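Under numbering that gives the first Met the number 0, the first residue of the sequence shown is numbered 0, with each subsequent residue one higher. Just below is one structure, and these are the notes that go with it.
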Amino acid sequence: MDESRCSPEASSKPTTEAMAQLLLSGWAMMAENCSECHDVPLMRSSQGVLKCCRCNKESRPGVLCYLLFLSSLSCKACDEEVRSSNVADRHKYRIVNECGLDSSVMTGIHGADGDRVLPKTLVVGRTPSSTKADGRRLQQLCLLRLELNKALDREVNVLDQLERTLRLLDIVESKL
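This is the structure we're talking about:
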């Protein structure tokens with residue numbers, strides 16, 4: 000691999016643009032970084048292909064599924080099989096876990112303790128449309144609550160400023 004393409008000093012603009020294009024076309028950004036570039040997050044397609052946008056290294060979906068299967072089994076024999084097989088040589092990426100858009104998990108990530116490690120979850124499969132609709136409604140309600148709280152805070156601030164102004168006018172009037 001060309002060292003200049005994987006060095007941190009290389010221009011990040013083309014990498015960022017490539018990542019943006021992939022995100023817009025339905026790819027997902029993974030938490031794991033490229034094993035060669037070390038500071039570039041991997042992108043994953045809906046077919047399971049992993050890609051680094053700086054060095055353009057890609058994995059095949061078959062290898063990904065095999066590694067996912069082996070990572071779900073936690074035994075010494077599987078670890079030895081990965082180390083002894085050529086699969087580990089061809090593909091150095093491993094998916095740790097996937098997390099659905101469960102509001103409690105997302106709240107924990109983006110809340111006050113935003114740097115905590117994600118809990119282990121099973122790989123998310125297809126859900127019935129009613130569950131998706133309920134999740135969407137819950138998401139909309141949470142966003143509505145957030146917007147209402149922001150609006151309420153703005154109104155309280157306006158009333159506080161008005162109250163301070165009235166007190167100041169009372170003080171000025173009493174001095175006259």
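Ideal placement from N, C-alpha and C gives every residue a C-beta, glycine not left out. None of these values were measured; they are calculated from a predicted model.
- Exposed is the label assigned to M28, since fewer than 16 other Cβ atoms lie within 10 Å of its Cβ.
- When P40, N32, A30, S58 are compared, the shortest CA-CA separation from Q46 is found for S58.
- Bounds of the beta strand (DSSP E) holding L41 are 40-43.
- Taken atom to atom, the span from the alpha-carbon of A30 to that of A150 is near 34 Å.
- Judged by their CB atoms, C33 and L22 are not nearer to each other than the 9 Å cut-off.
- For E35, the closest C-alpha among the options M18, N55, W26 is that of N55.
- Looking from the CA of T15, the closest CA among G25, W26, S24, V39 belongs to V39.
- L49 has its alpha-carbon roughly 28 Å from the corresponding atom of G134.
- Using a 10 angstroms sphere on the CB of R153, the tally of other CB atoms stays under 16, which defines it as exposed.
- Judged by DSSP secondary structure, E35 falls outside any alpha helix (DSSP H); it is assigned neither H nor E.
- Each of R53, W26, S11 was checked against the Cα of R43, and the nearest Cα belongs to W26.
- Rounded to the nearest whole angstrom, the C-alpha separation of R136 and E162 is 38 Å.
- A straight line joining the alpha-carbon of A17 with that of L143 spans about 33 Å.
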